[in-house]
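Undergrad: Got a structure for you, questions after.
Number of protein chains: 2
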Amino acid sequence: MTTSEQFNPAEWVIDHNDRTALSIRIKGDRLFCEQSPYQTVEVFDTCDRGKMLTIDRMVMCTEADEASYHEMLVHVPMLTDFKIKDVLVIGAGDGGTIRELVRYQNIETITMVEIDEVVVRAAKQFLPTISSAFDHPKLKLLIDDGIKFVKEAADHAYDLIIIDSSDPVGPSEGLFTKSFYQDVYRCLRPGGLITVQSESPSFNPKAFVELNQCLKQVFGNDQVHCYLVFIPMYPSGMWSLTYCSKQGAHPLKNFQRDRAITFAQEQNLTYYNADIHQAAFCLPTYIQKMLNEA
Amino acid sequence: MTTSEQFNPAEWVIDHNDRTALSIRIKGDRLFCEQSPYQTVEVFDTCDRGKMLTIDRMVMCTEADEASYHEMLVHVPMLTDFKIKDVLVIGAGDGGTIRELVRYQNIETITMVEIDEVVVRAAKQFLPTISSAFDHPKLKLLIDDGIKFVKEAADHAYDLIIIDSSDPVGPSEGLFTKSFYQDVYRCLRPGGLITVQSESPSFNPKAFVELNQCLKQVFGNDQVHCYLVFIPMYPSGMWSLTYCSKQGAHPLKNFQRDRAITFAQEQNLTYYNADIHQAAFCLPTYIQKMLNEA
Chain A
13 MTTSEQFNPA EWVIDHNDRT ALSIRIKGDR LFCEQSPYQT VEVFDTCDRG KMLTIDRMVM
73 CTEADEASYH EMLVHVPMLT DFKIKDVLVI GAGDGGTIRE LVRYQNIETI TMVEIDEVVV
133 RAAKQFLPTI SSAFDHPKLK LLIDDGIKFV KEAADHAYDL IIIDSSDPVG PSEGLFTKSF
193 YQDVYRCLRP GGLITVQSES PSFNPKAFVE LNQCLKQVFG NDQVHCYLVF IPMYPSGMWS
253 LTYCSKQGAH PLKNFQRDRA ITFAQEQNLT YYNADIHQAA FCLPTYIQKM LNEA
Chain B
13 MTTSEQFNPA EWVIDHNDRT ALSIRIKGDR LFCEQSPYQT VEVFDTCDRG KMLTIDRMVM
73 CTEADEASYH EMLVHVPMLT DFKIKDVLVI GAGDGGTIRE LVRYQNIETI TMVEIDEVVV
133 RAAKQFLPTI SSAFDHPKLK LLIDDGIKFV KEAADHAYDL IIIDSSDPVG PSEGLFTKSF
193 YQDVYRCLRP GGLITVQSES PSFNPKAFVE LNQCLKQVFG NDQVHCYLVF IPMYPSGMWS
253 LTYCSKQGAH PLKNFQRDRA ITFAQEQNLT YYNADIHQAA FCLPTYIQKM LNEA
């Protein structure tokens with residue numbers, strides 16, 4: 013039996029809005045804290061989820077749960093039948109997305125644009141299993157503004173663009189706008205794909221619905237596919253990612269299931285498997301309605 | 013930007029273990045509080061999830077999220093091809109499981125055994141949309157100990173038994189034991205089905221794994237099928253249910269998909285649809301390993 017009175021918030025890191033909060037218990041001293049020009053970056057050691065990176069006290073990742081997010085963001089587009097050679101990643105400062113991308117021999121170049129070098133530095137120092145691929149020869153890491161980068165990037169330069177952003181407050185706010193996605197669209201080759209961190213239908217319903225509308229306006233209604241991932245250490249535990257194509261591969265009709273089965277086994281993935289690839293696109297009816305009736 | 017210091021726990025109901033906590037903001041005064049012989053039953057009004065029932069400060073349901081749980085507990089077994097006439101429900105004091113069961117014409121009798129009349133009374137008074145079927149003519153509601161009830165029940169009396177329990181502390185502890193499930197098995201007709209609230213792989217990993225092992229011992233390894241539901245207002249948001257059969261219908265191979273599509277539309281269900289029925293059984297790889305390596 014537990015009561016509010018027994019709960020001492022001093023030992024907990026709390027990620028909350030004004031209606032719901034997720035608290036994760038920490039142990040020992042805070043490992044890292046630095047105020048960058050953009051945000052406060054911190055690393056904690058949790059009681060049972062490993063090390064945890066937060067930005068402005070919003071959970072970015074924990075060692076125990078990060079694979080769910082990073083695997084689903086990367087392997088869903090990579091295991092369609094579209095040939096992907098050149099990848100652009102916006103955000104992704106902890107490095108988990110890069111770690112998943114470098115599993116693929118067919119990728120030739122990865123350009124990553126992260127605005128805040130403090131996030132990269134904190135991840136390199138305290139989250140070595142997540143940031144393990146920052147020295148990979150295929151990676152070109154730029155500390156720069158992703159919005160400005162895509163505005164200035166050449167047309168048709170990338171096969172896959174991954175927008176691995178934090179929530180739409182602070183420096184990530186511009187990553188949730190139509191003008192940004194119009195630039196993203198322009199930079200994609202014909203048939204190119206994107207995957208996007210698209211917020212929680214429960215914890216951030218407004219941002220979730222608005223981003224989906226924005227993506228439909230840019231890519232077309234039938235080219236935008238929302239999918240869900242269980243991430244217990246994000247508030248509500250129900251997080252969405254969104255897959256879009258530039259008139260290209262459908263995430264299920266063009267899914268290479270046999271290749272996915274082999275790949276997931278050989279790579280010893282944690283969350284992703286061929287069944288989950290397909291299941292993640294099956295949305296509860298009320299979430300379908302949120303998106304279709306918006 | 014938020015910090016722990018700005019978080020005032022007095023306005024929040026907090027469901028937590030010693031490592032993770034989910035807090036739900038409440039408004040106004042507590043609507044109901046009664047200490048029964050078994051537990052403390054309370055009803056609150058939340059800021060955005062509607063009314064909420066808690067037992068010993070563990071969230072049982074909120075009006076906004078309860079359909080996810082109740083629909084998945086009931087419609088998954090009901091939409092296989094096994095003919096179900098007589099149903100036994102253990103627990104389920106809020107009434108949501110009964111509300112879903114009475115949608116089926118083919119069900120002839122529903123026997124519900126809830127140990128604590130206070131839960132039923134609180135639900136009737138404050139959660140009318142959940143407790144709406146307590147007066148249904150097919151329902152026989154007994155306030156009694158479910159463990160004792162199944163011990164004394166006749167062999168082969170039920171086609172479907174639903175164990176809709178709270179967590180394995182207090183009066184529900186005995187609902188997580190092998191001897192209870194041996195009685196449940198005996199009371200099932202040949203081919204009979206059960207569905208069980210089987211805890212969170214993230215928030216209660218030990219109870220989750222142990223209950224799965226227990227069910228496999230009683231029903232046989234190939235008759236036990238775990239499935240997952242997003243329930244944002246339960247800690248971690250990732251909750252499991254388990255489907256078992258007495259050498260009967262497989263939840264996917266014997267799934268009546270066309271009937272499920274029609275049923276979900278006609279009944280205007282909130283979470284359940286035919287795709288979700290199938291998707292819910294696709295488990296992330298690490299959860300498969302938790303169950304297979306236990």
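Those protein sequence lines, which keep their order, are chains A and B. All the letters of the first sequence, read from the start, carry residue numbers 13 to 306 under our numbering. All the letters of the second sequence, read from the start, carry residue numbers 13 to 306 under our numbering. Using N, Cα and C, we set each Cβ at its ideal position, and we do this for glycine too.
Quick one: Cα of leucine 153/B to Cα of alanine 169/B, how far?
TA: 16 Å
Undergrad: Where do the N-terminal and C-terminal ends of the beta strand (DSSP E) with lysine 152/A fall, by residue?
TA: In the DSSP annotation of this structure, the continuous segment of the beta strand (DSSP E) that includes lysine 152/A starts and ends at 151-155.
Undergrad: If you drop the 5 nearest sequence neighbours on each side, which residues of the same chain put their C-beta closer than 6 Å to that of isoleucine 122/A?
TA: Val99, Leu113, Lys150 and Leu151
Undergrad: Tell me whether the beta-carbon of isoleucine 174/A lies closer than 8 Å to the beta-carbon of isoleucine 127/A.
TA: no
Undergrad: Tell me the rounded alpha-carbon separation between glycine 186/B and phenylalanine 192/A.
TA: 56 Å
Undergrad: Rounded to whole angstroms, what's the CA-CA distance from serine 143/B to glycine 107/B? Just pull it up for me.
TA: Whole-angstrom Cα-Cα distance: 4 Å.
Undergrad: If you measure beta-carbon to beta-carbon, which residues of the segment 161-177 of chain A are closer than 8 Å to chain B?
TA: Cβ contacts with chain B come from no residue of the segment 161-177 of chain A.
Undergrad: Listed in chain order, which residues of the segment 243-268 of chain B have Cβ atoms closer than 7 Å to some Cβ of chain A?
TA: Pro244, Ser248, Gly249 and Met250
Undergrad: Check whether chain A comes within 8 Å of arginine 42/B, counting only Cβ atoms and requiring the distance to be less than that.
TA: no
Undergrad: Could you check which residue in Glu75/B, Val101/B and Met72/B has the C-alpha nearest to that of valine 5/B?
TA: The requested residue 5/B is not part of the displayed model; chain B covers only 13 to 306.
Undergrad: For tyrosine 298/B, decide whether its Cβ has a neighbour in chain A, counting only Cβ atoms nearer than 8 Å.
TA: yes
Undergrad: For the segment 270-277 of chain A against the segment 34-42 of chain B, do three or more pairs of beta-carbon atoms, one drawn from each stretch, fall closer than 8 Å, so that the two count as touching?
TA: no
Undergrad: For the segment 233-252 of chain B against the segment 208-216 of chain B, are there 3 or more C-beta pairs whose distance is under 8 Å?
TA: yes
Undergrad: Looking at C-alpha atoms only, which residue of Lys301/A, Asp176/A, Thr297/A and Ser214/A is the closest neighbour of cysteine 73/A?
TA: Asp176/A
Undergrad: State the Cα-Cα distance for the pair methionine 124/A and asparagine 29/B, rounded to the nearest angstrom.
TA: 38 Å
Undergrad: If you compare alpha carbons, which of Ser35/B, Arg31/B and Trp24/B is closest to methionine 8/B?
TA: As displayed, chain B neither begins before 13 nor continues past 306, which places residue 8/B out of reach and without an answer.
Undergrad: Under 7 Å Cβ-Cβ, which residues of chain A neighbour isoleucine 36/B?
TA: Thr32
Undergrad: Who are the near neighbours of lysine 163/A in its chain, counting only those whose CB is closer than 6 Å to its CB and skipping five residues on each side?
TA: Around lysine 163/A: Asp195.
Undergrad: In chain order, which continuous runs of the alpha helix (DSSP H) of length 4 or greater are located wholly inside the segment 21-97 of chain A?
TA: 78-90
Undergrad: For chain A, is any of its Cβ atoms less than 8 Å away from the one on leucine 240/B?
TA: yes
Undergrad: Under the rule that 16 or more other beta-carbon atoms within 10 Å means buried, what is aspartate 77/B, buried or exposed?
TA: In the assembly as shown, aspartate 77/B is a buried residue. Its beta-carbon has 16 or more other beta-carbons within 10 Å.
Undergrad: With burial defined as no fewer than 16 other Cβ atoms inside 10 Å of the residue's Cβ, what is the status of threonine 66/B: buried or exposed?
TA: buried
Undergrad: Since valine 53/B and alanine 104/B should fall inside the 8 Å C-beta cutoff, what is the C-beta to C-beta distance between them, to a whole number of angstroms?
TA: Not really, about 14 Å apart at Cβ, beyond 8 Å.
Undergrad: Taking 8 Å as the threshold (beta carbon to beta carbon), is threonine 121/B in contact with chain A?
TA: Nearest CB-CB separation between threonine 121/B and chain A: not below the 8 Å threshold.
Undergrad: Are any of the Cβ atoms in chain A nearer than 8 Å to that of threonine 274/B?
TA: no
Undergrad: With DSSP run on the structure shown, which of helix, strand or coil describes threonine 14/A?
TA: No answer about threonine 14/A holds up, because its pLDDT of 39 lies below 50 and its placement is not dependable.
Undergrad: In the DSSP assignment, the beta strand (DSSP E) including valine 181/A goes from what residue to what residue?
TA: Segment: none, valine 181/A is in no beta strand (DSSP E) and carries neither H nor E.
Undergrad: For chain B, is any of its Cβ atoms less than 8 Å away from the one on leucine 281/A?
TA: Yes, contact with chain B.
Undergrad: Using CA atoms only, rank isn't needed, just tell me which of Lys265/A, Arg31/A, Val131/A and Ile96/A is closest to serine 48/A.
TA: Val131/A
Undergrad: Chain A partners of isoleucine 288/B, CB-CB under 7 Å?
TA: Cys294 and Pro296
Undergrad: Counting pairs of Cβ atoms below 8 Å between the segment 283-294 of chain B and the segment 292-299 of chain A, do you hit three or more?
TA: yes
Undergrad: Considering only the alpha carbon of each residue, which of Ile26/B, Asn216/B and Val230/B lies closest to threonine 58/B?
TA: Ranking Ile26/B, Asn216/B and Val230/B by Cα distance to threonine 58/B puts Ile26/B first.
Undergrad: Quick check on methionine 245/B: does DSSP put it in helix, strand or coil?
TA: coil
Undergrad: Of the residues Ala219/B, Glu23/B, Glu46/B and Pro89/B, which one's Cα is nearest the Cα of arginine 31/A?
TA: Among Ala219/B, Glu23/B, Glu46/B and Pro89/B, the Cα nearest to that of arginine 31/A is on Glu23/B.
Undergrad: DSSP three-state call for leucine 139/A: helix, strand or coil?
TA: coil
Undergrad: In the DSSP assignment, the alpha helix (DSSP H) including arginine 271/A goes from what residue to what residue?
TA: 269-278
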